[in-house]
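Peer 1:
There are 2 protein chains.
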Amino acid sequence: MGGEKAPERVIIVLHRPIPEDVQAEIRHKFADAEVSFYNSELGVPVPPDHLSQHPILRESDIHVTTSSGIHGPPIAEWTVMNWLVSSRKYAETYEAQKAHQWQNKNGDVGGFHDQVGKRVGILGYGSIGRQIARVSQALGMTVHAYTASPRPTPESRHDHGYIVPGTGDPDGSIPASWHHGTDRESIRKFLAVGLDHLVISLPLTPQTTYLLSEEEITILSENSHHHASKPYVTNISRGKVIDQKALVDALHSGVLGGAALDVTDPEPLPEDDPLWDAPNVQISPHISSRGKEYIPRSLDILKVNLGRLAKGEPLINDYKRDKGY
Amino acid sequence: MGGEKAPERVIIVLHRPIPEDVQAEIRHKFADAEVSFYNSELGVPVPPDHLSQHPILRESDIHVTTSSGIHGPPIAEWTVMNWLVSSRKYAETYEAQKAHQWQNKNGDVGGFHDQVGKRVGILGYGSIGRQIARVSQALGMTVHAYTASPRPTPESRHDHGYIVPGTGDPDGSIPASWHHGTDRESIRKFLAVGLDHLVISLPLTPQTTYLLSEEEITILSENSHHHASKPYVTNISRGKVIDQKALVDALHSGVLGGAALDVTDPEPLPEDDPLWDAPNVQISPHISSRGKEYIPRSLDILKVNLGRLAKGEPLINDYKRDKGY
């Protein structure tokens, strides 16, 4: 990793214990650096904004980089799994297997549509949205991207962060159309372009709180593209991006065809919440980013950046102190 | 559809009733032709080899074309859905939702791997295998193709049949390696290349009967590529391609990591068959090709071919009387 230009010290801070073998692997990989590990204790409450108030962030110019980009593959897998589980009625197959029943009705070609030709709108075209776009395109779908700032040029559509090799949409060539804006009117225009799927992959901010309320759901539904199925909503952002009461109503009335929710309002979702049993909803407990690749990929970013530091190149995923991310 | 060169008569034969509106649509599309419909009665047993012995096939040179190519998207969706349901332990999420339980253990990054970097071997690289390859590549996987005859040139790797627009691998550019053969030794060599997934998408013939038996399963398992997970077998061919007893044993012993089976031996699978409860197996009742696009896509092939007939061009999916398919 570089030789004489290598950094003198690397501090690795993680919110969970770092296994001994992983520590050894890191020391081995970065043999030229003095490596230390620090992990916050599990179960000990962390004050809100703990990290963003930390002296390293507030009072130093030490390089800090984020793990942005590592979540694309698992969250895209979670998303596409839920689409297919819903559209292909997997729960029926699962229950039939549990009961040892071979439920094949002769002559029935199946009461469902596949994803070919469907149109997915992705609200927030970051690393996660891009990997969802990649798989959607492979399934034969058309992708429509929405970003906060305009992306009029090919260069502006590139992904400049960390990308898990072999995934994503590095040059932003997948979307059939690009849309943008930070106001509600722009988002409503996007929801009217004719979508079969809406994926919400935006941060929660005052502007995005209850972004998808009754009126937006109506716009999405009334302008949906497919001749027979109603739009399907996927939320991998935060629960409060959706007006959950309006969502439950839209699922019951058939205004929406279904929803996959990795996040709810509140979390944990109370046992008696009506969302649990709304029609065609699939709920998971904020687990879509999980997987054993979480830590190795975080370390991969560190490895890339140590190489760049050694060569004096700009870092990827550099934390911007002025923007707070 | 052509004008003066249009065919005089089109006969549409289907194994199920053709709805009036679909009939009207076809008559409208092929206004220059005399269109008639024939469907075999549901519930009336059809003699084995009924169609292959039909005078039209045996004694005429009337063009007959097949529906090959229409099954890629639904079967690829079925396949990838099962991979993700298995790898991401969807059944746990599903059962927790039924019980209204938010099961999120703090600090747990999930005991599973995603598909990035995994290697899939596809036995039988036809239209179905190609669409599975397309989605696999999008998920970050590497594809290894196996065909009966050698495919040494770029031209020999093309798909010349019907392809659902926007899907498949028309020019055969996806596989990282190509393998071939019709004997057991060639298949064993393929199983040893280091795979995480094996997809069986071959016709059942005397050569492919019990193709995957105890010895082949051992070869697949001992040479598997991933550092932590054992190979996963997907069968979308026919049940008898696998020695089912050997498969059940391999699932119990952990020699295989799991299996998705749309076909079993026999069908229907008897209620007391040990396969139903083997570890990490997902069984569906021969439904992977189903979907509402089945008939529209069959008619799309007809439409393409009527256009080609009118222009005197060779047909796609032309039935080869000498080969029987």
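Chains as they are written, first to last, in our numbering: chain A, 1 to 325; chain B, 326 to 650. All C-beta atoms, glycine included, are put in the ideal place defined by N, C-alpha and C. Computed from a prediction, not measured in an experiment: that's the story for all the values here.
Just by C-beta distance, which residues in the stretch 284 to 313 of chain A are closer than 8 angstroms to chain B?
Peer 2: So the list reads 284, 285, 286, 287, 290, 291, 292, 293, 294 and 295, given in the order they occur along the chain.
Peer 1: Excluding sequence positions up to five away, which residues of its chain have a Cβ less than 8 angstroms from the Cβ of residue 314 (chain A)?
Peer 2: Closer than 8 angstroms at Cβ, skipping near neighbours: 308.
Peer 1: According to DSSP, is residue 352 (chain B) helix, strand or coil?
Peer 2: The answer is helix: DSSP assigns residue 352 (chain B) an H, G or I state.
Peer 1: Starting from residue 359 (chain B), follow the beta strand (DSSP E) in both directions and report where the run begins and ends.
Peer 2: That run of the beta strand (DSSP E) goes 359 to 364.
Peer 1: Cβ of residue 465 (chain B) less than 8 angstroms from any chain A Cβ?
Peer 2: Answer yes: the Cβ-Cβ gap between residue 465 (chain B) and chain A drops below 8 angstroms somewhere.
Peer 1: Counting only runs of 3+ residues fully inside the stretch 528 to 573 of chain B, write out the beta strand (DSSP E) ranges in chain order.
Peer 2: Taking only runs of at least 3 residues, the beta strand (DSSP E) segments lying wholly in the stretch 528 to 573 of chain B are 557 to 560.
Peer 1: Restricting to Cα atoms, I'd like to know which of A:273, A:19, A:68 and A:282 is closest to residue 318 (chain A).
Peer 2: Per the Cα distances, A:68.
Peer 1: From this set, A:20, A:9 and A:95, which residue's C-alpha is nearest residue 63 (chain A)'s C-alpha?
Peer 2: The shortest Cα separation from residue 63 (chain A) among A:20, A:9 and A:95 belongs to A:9.
Peer 1: Do we get a CB-CB distance below 8 angstroms when we pair residue 371 (chain B) with the residues of chain A?
Peer 2: Bear in mind that a pLDDT of 49 at residue 371 (chain B), under 50, signals an unreliable position, so the number given afterwards is only what the model happens to contain. No, its Cβ sits nowhere closer than 8 angstroms to a Cβ of chain A.
Peer 1: Given residue 608 (chain B), which residues of its chain have a CB within under 6 angstroms of its CB, disregarding the five upstream and five downstream residues?
Peer 2: The answer, listed in chain order, is 586.
Peer 1: Does residue 66 (chain A) get closer than 8 angstroms to chain B when you measure Cβ to Cβ?
Peer 2: Not an interface residue.
Peer 1: Let me check one thing: in DSSP terms, what residues is residue 502 (chain B) bridge-paired to?
Peer 2: Paired residue(s): B:469.
Peer 1: Compute the Euclidean distance between the alpha carbons of residue 218 (chain A) and residue 118 (chain A), then round it to the nearest angstrom.
Peer 2: Going by the C-alpha atoms only, they are around 19 angstroms apart.
Peer 1: Measuring only between beta-carbons, confirm whether residue 566 (chain B) sits less than 8 angstroms from chain A.
Peer 2: Closer than 8 angstroms: no.
Peer 1: At a Cβ threshold of 8 angstroms, is residue 53 (chain A) touching chain B?
Peer 2: False, the Cβ-Cβ gap to chain B never drops below 8 angstroms.
Peer 1: Can you find a heavy atom of the ligand GTP that lies under 7 angstroms from the Cβ of residue 443 (chain B)?
Peer 2: As presented, the structure is devoid of all ligands, the ligand GTP included, so that no description of it is given.
Peer 1: Tell me where the alpha helix (DSSP H) around residue 424 (chain B) begins and ends.
Peer 2: It is not in any alpha helix (DSSP H) - residue 424 (chain B) carries neither H nor E in the DSSP assignment.
Peer 1: Classify residue 183 (chain A): buried if its beta carbon has 16 or more other beta carbons within 10 angstroms, exposed otherwise.
Peer 2: Exposed, by the Cβ-count rule.
Peer 1: Assign residue 645 (chain B) to one of two classes, buried (16 or more other C-beta atoms within 10 Å of its C-beta) or exposed (fewer than that).
Peer 2: So residue 645 (chain B) ends up on the exposed side.
Peer 1: Is there a C-beta anywhere in chain C that falls below 8 angstroms from the one on residue 362 (chain B)?
Peer 2: Protein chains A and B are contained in the structure displayed, whereas chain C is not.
Peer 1: Compare the C-alpha of residue 563 (chain B) against each of B:337, B:593 and B:336 and name the closest.
Peer 2: Looking at the Cα atoms, B:593 is the closest of the given residues.
Peer 1: List, in order along the chain, the chain B residues whose C-beta lies closer than 7 angstroms to that of residue 88 (chain A)?
Peer 2: Per Cβ cutoff of 7 angstroms: 402, 403 and 406.
Peer 1: Mark residue 296 (chain A) as exposed unless 16 or more other C-beta atoms lie within 10 angstroms of its C-beta, in which case mark it buried.
Peer 2: Answer is exposed; the Cβ neighbour count stays below 16.
Peer 1: How would you list, in chain order, the residues of chain B whose beta-carbon sits under 8 angstroms from the beta-carbon of residue 164 (chain A)?
Peer 2: Result: 441 and 465.
Peer 1: Identify which residue in A:263, A:278, A:23 and A:300 has its Cα closest to the Cα of residue 75 (chain A).
Peer 2: Comparing Cα-Cα distances from residue 75 (chain A) to each of A:263, A:278, A:23 and A:300, the minimum goes to A:263.
Peer 1: Can you look up residue 300 (chain A) in the DSSP assignment and give me helix, strand or coil?
Peer 2: If DSSP states are grouped into helix, strand and coil, residue 300 (chain A) belongs with the helices.
Peer 1: Using CA atoms only, rank isn't needed, just tell me which of A:232, A:39 and A:126 is closest to residue 198 (chain A).
Peer 2: Taking only the C-alpha atoms, the option nearest residue 198 (chain A) is A:232.
Peer 1: So the beta strand (DSSP E) residue 123 (chain A) belongs to, where does it begin and stop?
Peer 2: Where residue 123 (chain A) is concerned, the enclosing beta strand (DSSP E) stretches over 119 to 123.
Peer 1: Can at least three beta-carbon pairs, one atom from the stretch 169 to 179 of chain A and one from the stretch 196 to 214 of chain A, be found at a separation below 8 angstroms?
Peer 2: Short answer: they don't touch.
Peer 1: Compute the beta-carbon to beta-carbon distance between residue 409 (chain B) and residue 441 (chain B), rounded to the nearest angstrom, for a pair I have assumed lies under 8 angstroms.
Peer 2: Their Cβ separation, rounded to whole angstroms, is 13 angstroms, which puts residue 409 (chain B) and residue 441 (chain B) out of contact at 8 angstroms.
Peer 1: Residue 334 (chain A) and residue 211 (chain A): beta carbons closer than 8 angstroms?
Peer 2: There is simply no residue 334 (chain A) to check, as chain A begins at 1 and stops at 325 in what is shown.
Peer 1: Looking at the unbroken beta strand (DSSP E) that takes in residue 334 (chain B), where does it start and where does it end?
Peer 2: Here the beta strand (DSSP E) through residue 334 (chain B) covers 334 to 339.
Peer 1: Could you have a look at residue 199 (chain A) and say whether DSSP puts it in helix, strand or coil?
Peer 2: DSSP places residue 199 (chain A) in strand when its eight states are reduced to three.
Peer 1: Report all residues from its chain with a CB closer than 6 angstroms to the CB of residue 381 (chain B); omit the five preceding and five following residues, and keep chain order.
Peer 2: Cβ neighbours of residue 381 (chain B) beyond the five flanking positions: 387.
Peer 1: Give the interface partners of residue 85 (chain A) over in chain B, defined as CB-CB distance under 9 angstroms, in chain order.
Peer 2: Those within 9 angstroms of residue 85 (chain A) in chain B are 406, 409, 410, 415 and 419.
Peer 1: To the nearest angstrom, how far is it from the Cα of residue 299 (chain A) to the Cα of residue 162 (chain A)?
Peer 2: Going by the C-alpha atoms only, they are around 12 angstroms apart.
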